[in-house]
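Taken in order, the sequence shown gives residues 220 to 463; the numbers are from our numbering. From the three backbone atoms N, C-alpha and C, an ideal C-beta is built for every residue, glycine too. Because the structure is a prediction, the values reported are computed rather than measured. Comments concern the structure below.
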Amino acid sequence: MKRRPRRKRKALDIILVAICASSLAAAALIGWTILHDGTVYSEISTEAGAAEGGGIDWEALRARNPDISAWVNVEGTPIDYPVVSPREGDPQGFYLNHDFDRNWSFAGCPYLDPRGTADGRHALVYGHHLNFDSEMFTYLRDAWRQEKFDTLGDMYWSTPDGGTVRLHPAFSLSVDKSFAGIQRFDLSGSAETRAWLADLSAQAGARAEGCDDLCAHATRAVTLVTCTGNFAGGRARTLTVFVG
């Protein structure tokens, strides 16, 4: 009668070892895939910077994927990526798990909300939180905290038609993913854009020094969106707004 508990413990030990082995294998696979994705984006970045006279080689990017809409680079962060627009017929969130080449991917590819445009008054860009600060928009997961926000540099937002513009980090906030305030794509002019930004900035967890002045003179905004916190997948989203 005393041997049964030992057999049960042994069986439990075997199960736990199997679970740990499976978890390690899954983690290794995810890590390898993210590393591979990073290599792919480094290659794309090299291709994009090969235009004569500097600038971005939009023709090369279009040849690789006609969904290309913009390129985003944020100083002081690892964010330096192509931005795509989902094509008609793509499932919602297609680029959350597909890379720039439209292959399945853990990292995905930053993409525009289809209700806006890259050269519009407000461009809303989604990017993954992968638990690695060096990948996608993970660096921004806690940008709504002032100490993290203060590490952000300016954004360089490049598009085929609009060239490259420099935008300044204005504010960041953490909200529920259903937050309606950020979903504005029908701004009719500078006055409406500035009023909208002033309202949003009043709700921010982190603000730039001189935020009110930045918003009062802005004519456009680009918002980068990712999951809030240390782990992805919850309802909270960090919205980091750059203006110019």
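*Identify the continuous alpha helix (DSSP H) that holds A337 and give its terminal residues.*
In the sequence shown, residue 337 corresponds to position 118, counting from 1. Note, A337: premise wrong, no alpha helix (DSSP H); not H, not E.
_Close beta carbons around S381, own chain, < 6 Å, minus the five adjacent residues each side_ = For this step, residue 381 is matched to residue 162 along the sequence shown. Residue identity differs from the one stated: residue 381 is Gly in this sequence, not Ser. Contacts found: D338.
_So, at 7 Å on beta carbons, what are the nonlocal neighbours of L406 in its own chain, with the 5 sequence-adjacent residues on each side left out?_
Working through the sequence shown from its first residue, we reach residue 406 at position 187. Excluding residues up to 5 positions away in sequence, R340, H341, T412 and W415 lie with their Cβ nearer than 7 Å to the Cβ of L406 in the same chain.
_By the DSSP assignment, the alpha helix (DSSP H) with W415 in it spans what residues?_
Reading the sequence shown from its first residue, position 196 is the one you call residue 415. For W415, the enclosing alpha helix (DSSP H) begins and ends at S409 to S420.
*Where does R385 fall in DSSP's three states?*
Walking along the sequence shown from the start, residue 385 turns up at place 166. In the structure shown, R385 adopts extended strand secondary structure according to DSSP, grouped into three states.
*Start and end of the alpha helix (DSSP H) containing L433?*
As a working note, residue 433 is residue 214 in the sequence shown. Start and end: C430 to A435.
*Using the DSSP secondary-structure output, state which residues sit across from S393 in a beta bridge.*
Counting from one through the sequence shown, the residue named residue 393 turns up at place 174. Looking at the DSSP assignment, S393 forms a beta bridge with T457.
*Take P285 as the anchor and find which of C430, E428, R454 and V302 has the nearest alpha-carbon.*
On the sequence shown, residue 285 is found 66 positions in, with the first residue counted as 1. In this structure, V302 is the residue among C430, E428, R454 and V302 with its C-alpha nearest to the C-alpha of P285.
*Three-state secondary structure (DSSP) of T447*: Sequence index remark: in the sequence shown, residue 447 carries index 228 (1-based). Reduced to three states, the DSSP call for T447 is coil.
_For V291 and A331, the rounded distance between their alpha carbons_ = On the sequence shown, position 112 is the one that residue 331 refers to. On the sequence shown, position 72 is the one that residue 291 refers to. A small correction: the amino acid at residue 331 is Leu; Ala does not occupy that position in the sequence shown. Looking at the two C-alpha atoms, the distance is approximately 11 Å.
_Residue from S397, D369, E366 and V293 with nearest C-alpha to F356_ = One-based indexing of the sequence shown puts residue 356 at position 137. Checked all of S397, D369, E366 and V293; the closest Cα to F356 is V293.
*Measuring CB to CB, does G346 end up less than 9 Å from T442?*
The count along the sequence shown starts at 1 and reaches residue 346 at position 127. The count along the sequence shown starts at 1 and reaches residue 442 at position 223. No; because the gap between Cβ atoms is not below 9 Å, this pair is not in contact.
*With DSSP collapsed to three states, give me the class of R306.*
Locating residue 306 in the sequence shown gives position 87, counting from the first residue. R306 falls in the coil class under three-state DSSP.
_Other residues of its chain near G424: CB distance less than 7 Å, five sequence neighbours each side excluded_ = One-based indexing of the sequence shown puts residue 424 at position 205. Excluding residues within five positions, the ones whose Cβ falls inside 7 Å are W363, R364, S391, L392 and S393.
*Less than 9 Å separating the beta-carbons of T378 and S264?*
In the sequence shown, the residue the question calls residue 378 occupies position 159. In the sequence shown, the residue the question calls residue 264 occupies position 45. Not in contact: T378 and S264 (Cβ atoms no closer than 9 Å).
*Identify which residue in F368, R403, P329 and C430 has its Cα closest to the Cα of L349.*
The residue given as residue 349 occupies position 130 in the sequence shown. Nearest C-alpha to L349: P329.
*CA-CA distance, P297 and S409?*
Here residue 297 refers to the residue found at position 78 of the sequence shown. Here residue 409 refers to the residue found at position 190 of the sequence shown. Spanning the two alpha carbons is a distance of roughly 31 Å.
*Tell me whether R283 sits in a helix, a strand or coil according to DSSP, three-state version.*
One-based indexing of the sequence shown puts residue 283 at position 64. Look at R283 here: in three-state DSSP terms it is helix.
*From L315 to D299, what does the alpha carbon distance come to, in whole angstroms?*
Position 96 of the sequence shown, counted from the start, is the residue given in the question as residue 315. Position 80 of the sequence shown, counted from the start, is the residue given in the question as residue 299. Approximately 17 Å between the Cα atoms of the pair.
_Buried/exposed call for T457, threshold 16 Cβ in 10 Å_ = The residue you call residue 457 lines up with position 238 of the sequence shown. Counting other Cβ atoms within 10 Å of its Cβ, T457 reaches 16 or more and is therefore classed as buried.
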